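A short worksheet on the structure shown next.
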Amino acid sequence: MSFRGGFLPADAFSLGRESAAALGRLLEEKGLVRISVKARKFLKLTDRGREAADSGLPEEKLLKILSIGEARKIDEIRKDFPGSGEEFNVALGIAKKRGWVRLERVGSGVVVALKEIPDEYPLREALDRLKGGVAEEGDLPTDVVRELVKRGLVEIDESKEVYLEITDLGEAVLSGRLTVRREVARLSRELIESGRWREVEIKAYDVTSMPPTVYPGKPHPYVEFLDEVREILVGMGFLEVKSPIVEAEFWNFDALFQAQDHPAREVHDSYAVSVPAGPADIKDLKLVEKIKRAHETGEGTGSTGWGYEWDFDIARRLILRSQMTAASARTLAGTPNPPLKIFAIDRVFRPEALDRTHSMEFHQCEGVVLAEGLNVRHLLGYLEEFAKRLGFGEVMFRPAYFPFTEPSVEAYVRHPRLGWIEIAGSGLFRPEILIPMGYDYPKVQALAWGIGIGRLAMVKLGIGDIRQLHSQDLAFLRKFPVGRAVGLAGD
Amino acid sequence: MPVIEASISDLLNLIGAPLSFDDLVSSLERLKVNFEGEENGNIILEITADRLDLVTIEGLARAVRGILGLEEGIPEYETFDSGFEVKVEREVLPLRPYIACGVVEGVNLSPDAVAELMQAQEKIHATIGRDRRKVSAGLHDASPIVPPIRYSAERKEEVRFVPLRGDYEMTVSQILSETEKGRKYAHLVPGDLIPVLRDSRGKVLSIPPIINSDMTRVTEETRDMFVDVTGPDERAVRKTLRVLVTALAERGGKIGLVRVIRPDGEAVVTPDLRPTPMRVGVDYLNLVAGTDYSGKEIASLLRKMRLGAEPVGEEISVQIPAYRDDFLHPVDLVEELTVAVGYDKLRPALPGYVDTFGARHLRERISRIVRELMIGLGYQEILNYVMTSGDVLFRRMRSPPREVVKVANPVSESYSVLRDTLIPGIVAFLSKNQAEPLPHKVFEVGDVVIPDPAEETRARDERRVAAAYEDTEVGFEDVQSHLFSLTVGLGIEAELTPTDRPWALSGRCASIRSGGREIGIIAEVSPEVLEINRIKNPVGVFELSLEFLLRRRGERERGEARGVEGG
Numbered sequence: 002m003s004f005r006g007g008f009l010p011a012d013a014f015s016l017g018r019e020s021a022a023a024l025g026r027l028l029e030e031k032g033l034v035r036i037s038v039k040a041r042k043f044l045k046l047t048d049r050g051r052e053a054a055d056s057g058l059p060e061e062k063l064l065k066i067l068s069i070g071e072a073r074k075i076d077e078i079r080k081d082f083p084g085s086g087e088e089f090n091v092a093l094g095i096a097k098k099r100g101w102v103r104l105e106r107v108g109s110g111v112v113v114a115l116k117e118i119p120d121e122y123p124l125r126e127a128l129d130r131l132k133g134g135v136a137e138e139g140d141l142p143t144d145v146v147r148e149l150v151k152r153g154l155v156e157i158d159e160s161k162e163v164y165l166e167i168t169d170l171g172e173a174v175l176s177g178r179l180t181v182r183r184e185v186a187r188l189s190r191e192l193i194e195s196g197r198w199r200e201v202e203i204k205a206y207d208v209t210s211m212p213p214t215v216y217p218g219k220p221h222p223y224v225e226f227l228d229e230v231r232e233i234l235v236g237m238g239f240l241e242v243k244s245p246i247v248e249a250e251f252w253n254f255d256a257l258f259q260a261q262d263h264p265a266r267e268v269h270d271s272y273a274v275s276v277p278a279g280p281a282d283i284k285d286l287k288l289v290e291k292i293k294r295a296h297e298t299g300e301g302t303g304s305t306g307w308g309y310e311w312d313f314d315i316a317r318r319l320i321l322r323s324q325m326t327a328a329s330a331r332t333l334a335g336t337p338n339p340p341l342k343i344f345a346i347d348r349v350f351r352p353e354a355l356d357r358t359h360s361m362e363f364h365q366c367e368g369v370v371l372a373e374g375l376n377v378r379h380l381l382g383y384l385e386e387f388a389k390r391l392g393f394g395e396v397m398f399r400p401a402y403f404p405f406t407e408p409s410v411e412a413y414v415r416h417p418r419l420g421w422i423e424i425a426g427s428g429l430f431r432p433e434i435l436i437p438m439g440y441d442y443p444k445v446q447a448l449a450w451g452i453g454i455g456r457l458a459m460v461k462l463g464i465g466d467i468r469q470l471h472s473q474d475l476a477f478l479r480k481f482p483v484g485r486a487v488g489l490a491g492d
Numbered sequence: 150m151p152v153i154e155a156s157i158s159d160l161l162n163l164i165g166a167p168l169s170f171d172d173l174v175s176s177l178e179r180l181k182v183n184f185e186g187e188e189n190g191n192i193i194l195e196i197t198a199d200r201l202d203l204v205t206i207e208g209l210a211r212a213v214r215g216i217l218g219l220e221e222g223i224p225e226y227e228t229f230d231s232g233f234e235v236k237v238e239r240e241v242l243p244l245r246p247y248i249a250c251g252v253v254e255g256v257n258l259s260p261d262a263v264a265e266l267m268q269a270q271e272k273i274h275a276t277i278g279r280d281r282r283k284v285s286a287g288l289h290d291a292s293p294i295v296p297p298i299r300y301s302a303e304r305k306e307e308v309r310f311v312p313l314r315g316d317y318e319m320t321v322s323q324i325l326s327e328t329e330k331g332r333k334y335a336h337l338v339p340g341d342l343i344p345v346l347r348d349s350r351g352k353v354l355s356i357p358p359i360i361n362s363d364m365t366r367v368t369e370e371t372r373d374m375f376v377d378v379t380g381p382d383e384r385a386v387r388k389t390l391r392v393l394v395t396a397l398a399e400r401g402g403k404i405g406l407v408r409v410i411r412p413d414g415e416a417v418v419t420p421d422l423r424p425t426p427m428r429v430g431v432d433y434l435n436l437v438a439g440t441d442y443s444g445k446e447i448a449s450l451l452r453k454m455r456l457g458a459e460p461v462g463e464e465i466s467v468q469i470p471a472y473r474d475d476f477l478h479p480v481d482l483v484e485e486l487t488v489a490v491g492y493d494k495l496r497p498a499l500p501g502y503v504d505t506f507g508a509r510h511l512r513e514r515i516s517r518i519v520r521e522l523m524i525g526l527g528y529q530e531i532l533n534y535v536m537t538s539g540d541v542l543f544r545r546m547r548s549p550p551r552e553v554v555k556v557a558n559p560v561s562e563s564y565s566v567l568r569d570t571l572i573p574g575i576v577a578f579l580s581k582n583q584a585e586p587l588p589h590k591v592f593e594v595g596d597v598v599i600p601d602p603a604e605e606t607r608a609r610d611e612r613r614v615a616a617a618y619e620d621t622e623v624g625f626e627d628v629q630s631h632l633f634s635l636t637v638g639l640g641i642e643a644e645l646t647p648t649d650r651p652w653a654l655s656g657r658c659a660s661i662r663s664g665g666r667e668i669g670i671i672a673e674v675s676p677e678v679l680e681i682n683r684i685k686n687p688v689g690v691f692e693l694s695l696e697f698l699l700r701r702r703g704e705r706e707r708g709e710a711r712g713v714e715g716g
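Protein chains in written order, with my numbering: chain A, 2 to 492; chain B, 150 to 716.
In structure tokens, the structure reads:
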């Protein structure tokens, strides 16, 4: 096998394509040959093309049965045409387009008159050429090739030709100016134990080339982000609490002084549970009685109450937890001794159709600071501290309305790309909540805030579609830079 | 929360001061009105649910004048005896018992104003009105009305009039079946009777809560107006009337009082525009707001919120205007104070003395360890929804339906029940990722919800881990070795005993047991289930409950635990 001083197609070896290619690559890695690839496109007649080449294209057949100066009815010509009706239509269309014939309406019919018979027809020339064997794409005019391919008469075969060219190093080896030592790809146990590593050359790698892809076990970015938020809150001295997903309206609404005809309690704003049927088994009937009075007349709280008849049956209805404040209500109802700082991060449920920005199920992060002597400025202070720890520099507050807090405040942070974004709804729990639970109001105050943590995660993780927080796409999860959850890269 | 659209020029006219657009927006935002956008000379605003008075443009202008210091304190509205009387007949009580009415004379309505009044009426119906169930209001041109007015119940067939913007006379039955508003609200007036307001000549003014008569249609030319508000809740009815008549009075009208005579002969004069007094301690306001103002300073700040306020010793004597109904407790004055001060002026502070110690919930701490072990075993974490469908839980697992938590009002069948096991969601996940390179090793740590009559809310959440391994050649033993790595990592001694599941390959399914209790399941997924989910490779799965770990840890800790650990 000698290929000194020139190119050879890889096929030229008696090795077979596969082994020649492998050998070529090996020689290339060693710098003995250079490999180049040429892509070529060959034109080939299809079965239909071969038939047309032999017995004529439809338009050629049409020309044969017409004579100059004679106008004939279209139906007559159709009868004489030696091919199918479909072919006839094709032929007539082409003949008209090329200006060979003229169509005229005479009475109720159409007549066809032959205007000229072309001297040359490029399609015919191409077919004749291809009948003789293959041609390369560039051998024929582009528009002719395009038309033949479109009409299914010709197909294009692509093929690659690989060429090997010997390098200077290769020449040197061949001429015997260099000697060849045995080279190994891997250092092995056998080589180390036997000491033969001394005799071999350990192959140098192209350390800049990309490795094969592996799919390691990886945390989910959203779970990781939620854990990061937990980390921040624990660092600020908050204790995590839980509450059940299937919840009694009592804890979700009534204990939070949300009136029973409050719009948020209507059927389109929370999921009613039909199985299990309920009612909830609320055990602390003393608390129930106090909350009933707070709603009805405000008795014992200094409030006027909502002035309606409170219904325990409504309070005992089962729903899917619609706000994490339910977890705060349950914890505070246990009347722990202040000071207390709690948080809850979990899923809440609302009857929404799932789309880019809405979800029937999303996470909320709820926090409460319960202590003596707290005021509105402390609420702002905790929110500011939390925002800072999440990596936001500027915080702004605006008044808001929530049924269970007064005053109520919304916190916004400045995002470098998105501008001001709302991160938390917050406020001081109303006396109608704290007093029935047994707290010494106004000495003891509860600062509370709720964060749509999913939206914040989207900002931090650089996700534009809320459904991606629960992505069903393994490729997305495999590629996702989880480090964004702790502020590495991304926003 | 209601969203309203206001003509910027009309709003600025009512405010009565030249304001730049930015200043207008920032004043509104200070008043907790959310700026949503601007379109064709209109400003789009979101009003909070507690401030019904701000759904009227006139009310917005009134509040902005206060915060800008153009006009302070409680607005005074001139009233007079209109001489109108509304007689309530006994028959209407079971249908829609309460009515409150008012007259406003001498209003100036621009074309924008007519549209804005209609909008305010719509928003009132949508919010406090609960879609006209709780409150409905009618605005009339008062000039064709000859008092006294009768509020009674009549047979639907016998009441005929031209409905608002209608062309011909119709019976109520026709209105309810043929007009848009009639069809929309017909469900509010079942039965043969309908509430009717007629004047002394017998002319129909309206059939609350459906539609007014065209005779009293309000136009730009209207100068004197009659307002009726009806509903089953007296407090809401009277409050709505106060909001509407005071808004109209902001357009230069004088408020005329109406005598409503109840069937028992008792006469009530509406609207009642007397302010509500409230006393609050200066200390209390400063304590909650975190401020240090004198009584005089506080009173002046509250007057900017259009309240009447005078310092009296250590207290503030506050007068709350009749159009506001959001003061249940003195705490509601704290917000008036903080809003008047402005949140940009309240300095954030940390108390410094609140010594508490933080911790994650045990459930999350254990979950974290499980997640780390699973990731170490090469599994990708996934996160599915707790809400799912019977199709995913049962049909696609070839399993007969079980009792699971179900919602009564699902938006989509795909999210209508709560999962009681993690495995079907993981199988569904694999099914959607068949084009992705193998192997597929995925796991989820999450809650399932199990109906349980012994629980307070008849169901309990259970934290579990589940994993699936899909590859061209995967068997029971592959996931089995991963399961045992996990249990060893968690310090659990687990053993397997043969069992069956409808979705598992027979003879390759085992119950995971520890300490005599079943704590999980491990199996190869049956080819039937693979086929129905279009999964092309064998799949091994396991699911393990983490609750017993929580209990075990809980038992160990009992007695030494201090403070609360919720849940």
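The beta-carbon is built from N, C-alpha and C at its ideal position, and this holds for glycine as well.
Every value quoted in this text rests on a predicted model; they were computed, and no experiment measured them.
Problem set entry | Distance, T205 of chain B Cα to D159 of chain B Cα | Counting from 1 along the second sequence, the entry for residue 159 of chain B is found at position 10. Counting from 1 along the second sequence, the entry for residue 205 of chain B is found at position 56. One C-alpha to the other measures close to 12 angstroms.
For this session: Using a threshold of 8 angstroms, state whether the C-beta atoms of V598 of chain B and V535 of chain B are closer than that.
Result: Locating residue 598 of chain B in the second sequence gives position 449, counting from the first residue. Locating residue 535 of chain B in the second sequence gives position 386, counting from the first residue. For the pair V598 of chain B and V535 of chain B, the CB atoms are nearer than the 8 angstroms cut-off.
For this session: Report the three-state DSSP secondary structure of F403 of chain A (helix, strand or coil).
Result: The count along the first sequence starts at 1 and reaches residue 403 of chain A at position 402. Looking at F403 of chain A - three-state DSSP - the assignment turns out to be strand.
For this session: Determine the burial state of T406 of chain A: buried for a count of at least 16 other Cβ atoms within 10 Å of its Cβ, exposed for fewer.
Result: Working through the first sequence from its first residue, we reach residue 406 of chain A at position 405. Buried is the call here.
Exercise. Grouping DSSP H, G and I as helix and E and B as strand, with all else coil, what is S362 of chain B?
Worked result: Here residue 362 of chain B refers to the residue found at position 213 when the second sequence is read from its first residue. It is a strand residue.
For this session: Using a threshold of 8 angstroms, state whether the C-beta atoms of L579 of chain B and E593 of chain B are closer than that.
Result: Numbered from 1 along the second sequence, position 430 holds the residue referred to as residue 579 of chain B. Numbered from 1 along the second sequence, position 444 holds the residue referred to as residue 593 of chain B. Cβ atoms of L579 of chain B and E593 of chain B: not closer than 8 angstroms.
For this session: Sort A:A316, A:A328, A:P437, A:E121 by Cα distance to L240 of chain A and report the nearest one.
Result: As a position in the first sequence, residue 240 of chain A is number 239, starting the count at 1. In terms of CA proximity to L240 of chain A, A:A328 leads the group A:A316, A:A328, A:P437, A:E121.
Problem set entry | Coarse secondary structure for K74 of chain A, derived from DSSP in three states | Translated into the one-based positions of the first sequence, residue 74 of chain A becomes position 73. Strand, per DSSP.
For this session: Quick one: using the 10 Å Cβ neighbour count with 16 as the cut-off for buried, is R473 of chain B buried or exposed?
Result: In the second sequence, the residue the question calls residue 473 of chain B occupies position 324. Buried, because 16 or more other Cβ atoms sit within 10 Å of the Cβ of R473 of chain B.
Exercise. Going along chain B, which residues have a C-beta under 7 angstroms from N376 of chain A?
Worked result: Taking the first residue of the first sequence as position 1, residue 376 of chain A is located at position 375. Scanning chain B for C-beta atoms nearer than 7 angstroms to the C-beta of N376 of chain A yields L436, V437, A438, G439, reported in chain order.
Problem set entry | Nearest neighbour of V345 of chain B, chosen from B:Q268, B:K330, B:V235, B:P470 [CA to CA] | As a first step, residue 345 of chain B must be located in the second sequence, where it is residue number 196. Answer by Cα proximity: B:V235.
Exercise. By how many angstroms is the C-alpha of E185 of chain B removed from the C-alpha of G462 of chain B?
Worked result: Taking the second sequence and counting its residues from 1, the one referred to as residue 462 of chain B is at position 313. Taking the second sequence and counting its residues from 1, the one referred to as residue 185 of chain B is at position 36. G462 of chain B and E185 of chain B: Cα-Cα distance of roughly 43 angstroms.
Problem set entry | Any C-beta of chain A under 8 angstroms from that of K445 of chain B | Your numbering for residue 445 of chain B matches position 296 in the second sequence. K445 of chain B does not count as touching chain A.
For this session: Just confirm the distance between the C-beta atoms of I684 of chain B and E619 of chain B, as a whole number of angstroms; I'd bet it's less than 8 angstroms.
Result: Here residue 684 of chain B is taken as the residue at index 535 of the second sequence, counted from 1. Here residue 619 of chain B is taken as the residue at index 470 of the second sequence, counted from 1. That pair is a contact at about 7 angstroms.
For this session: Determine the burial state of Y300 of chain B: buried for a count of at least 16 other Cβ atoms within 10 Å of its Cβ, exposed for fewer.
Result: Position 151 of the second sequence holds residue 300 of chain B. It is buried - the Cβ of Y300 of chain B has at least 16 other Cβ atoms within 10 Å.
Exercise. What does a CB cutoff of less than 7 angstroms around D348 of chain B pick up in its chain, not counting 5 residues either side in sequence?
Worked result: Translated into the one-based positions of the second sequence, residue 348 of chain B becomes position 199. Once the five neighbours on either side are set aside, the close Cβ partners of D348 of chain B are I294, V295, P296, I298, L354.
For this session: Report the residue from B:R662, B:V237, B:E265, B:G251 whose alpha carbon sits nearest the alpha carbon of I157 of chain B.
Result: The sequence position of residue 157 of chain B within the second sequence is 8, counting from 1. For I157 of chain B, the closest C-alpha among the options B:R662, B:V237, B:E265, B:G251 is that of B:E265.
Exercise. In chain B, which residues lie less than 9 angstroms from M361 of chain A when you measure between Cβ atoms?
Worked result: Position 360 of the first sequence, counted from the first residue, corresponds to residue 361 of chain A. Y534, M536, P559, V560, S561, Y564, listed in chain order.
Problem set entry | Own chain partners of D341 of chain B with C-beta closer than 7 angstroms, once the 5 adjacent residues on each side are dropped | As a position in the second sequence, residue 341 of chain B is number 192, starting the count at 1. Cβ neighbours of D341 of chain B within its own chain (closer than 7 angstroms, five residues either side excluded): R304, K305.
Exercise. Mind pulling the chain B residues with CB within less than 7 angstroms of Y402 of chain A?
Worked result: By 1-based counting over the first sequence, the position of residue 402 of chain A is 401. Per Cβ cutoff of 7 angstroms: K181, T197, A198, D199.
For this session: Could you work out which residues of chain B lie near D228 of chain A, taking near to mean beta carbons separated by less than 8 angstroms?
Result: Here residue 228 of chain A corresponds to residue number 227 of the first sequence, with the count starting at 1. What D228 of chain A touches in chain B: E513, R517.
Exercise. Just how far apart, CA to CA, sit D481 of chain B and G380 of chain B?
Worked result: On the second sequence, residue 481 of chain B is found 332 positions in, with the first residue counted as 1. On the second sequence, residue 380 of chain B is found 231 positions in, with the first residue counted as 1. Near 27 angstroms, if we compare the C-alpha coordinates of G380 of chain B and D481 of chain B.
Problem set entry | Closer than 8 angstroms to chain B by CB, G484 of chain A | Locating residue 484 of chain A in the first sequence gives position 483, where the first residue counts as 1. With its beta carbon at least 8 angstroms from every one in chain B, G484 of chain A lies outside the interface.
Problem set entry | Residues of its chain near G457 of chain B, where Cβ-Cβ distance is below 7 angstroms and the 5 sequence neighbours each way are ignored | Residue mapping note: residue 457 of chain B aligns to position 308 of the second sequence, counting from 1. Excluding residues within five positions, the ones whose Cβ falls inside 7 angstroms are G222, I223, P424, V467, Q468.
Exercise. Roughly how many angstroms separate the alpha carbons of V409 of chain B and E383 of chain B, rounded to a whole number?
Worked result: Translated into positions along the second sequence, residue 409 of chain B becomes position 260. Translated into positions along the second sequence, residue 383 of chain B becomes position 234. Near 13 angstroms, if we compare the C-alpha coordinates of E383 of chain B and V409 of chain B.
Exercise. Quick one: is K293 of chain A buried, meaning 16 or more other Cβ sit within 10 Å of its Cβ, or exposed?
Worked result: As a first step, residue 293 of chain A is located in the first sequence; it is residue number 292 there, counting from the start. Counting C-beta atoms within 10 angstroms of its own C-beta, K293 of chain A has 16 or more neighbours from the protein chains shown and is therefore classed as buried.
For this session: Assign E709 of chain B to buried or exposed, taking buried as 16 or more other Cβ atoms, counted over all protein chains shown, within 10 Å of its Cβ.
Result: Mapped onto the second sequence, residue 709 of chain B falls at position 560. Unreliable placement is indicated for E709 of chain B, whose pLDDT of 43 sits below 50; no coordinate value is reported for it.
Exercise. Does Q529 of chain B have its Cβ less than 8 angstroms from a Cβ in chain A?
Worked result: In the second sequence, residue 529 of chain B corresponds to position 380, counting from 1. So, interface residue.
Problem set entry | Euclidean distance between Cα positions of E191 of chain A and R183 of chain A | As a first step, residue 191 of chain A must be located in the first sequence, where it is residue number 190. As a first step, residue 183 of chain A must be located in the first sequence, where it is residue number 182. Note on geometry: alpha-carbon atoms of E191 of chain A and R183 of chain A lie some 16 angstroms from one another.
Problem set entry | Residues of the region 182-216 of chain A whose Cβ lies closer than 9 angstroms to any Cβ of chain B, in chain order | Contacts with chain B (Cβ-Cβ distance below 9 angstroms) from the region 182-216 of chain A involve T214, Y216, listed in chain order.
Problem set entry | Own chain partners of R239 of chain B with C-beta closer than 6 angstroms, once the 5 adjacent residues on each side are dropped | Counting from one through the second sequence, the residue named residue 239 of chain B turns up at place 90. Sequence-distant partners of R239 of chain B (beyond 5 residues in either direction) whose C-beta falls short of 6 angstroms from its own C-beta, in its chain, are P412.
For this session: On a CA-only basis, which of B:V256, B:E188, B:A335, B:Y247 is nearest V378 of chain B? Give me that one, please.
Result: Position 229 of the second sequence, counting from 1, holds the residue named residue 378 of chain B. Of the candidates B:V256, B:E188, B:A335, B:Y247, B:Y247 places its Cα closest to the Cα of V378 of chain B.
Problem set entry | According to DSSP, residues forming a beta bridge with G405 of chain B | Stepping through the second sequence from its first residue, residue 405 of chain B is reached at position 256. According to DSSP, which records beta bridges pairwise, G405 of chain B is partnered with B:F229, B:V252.
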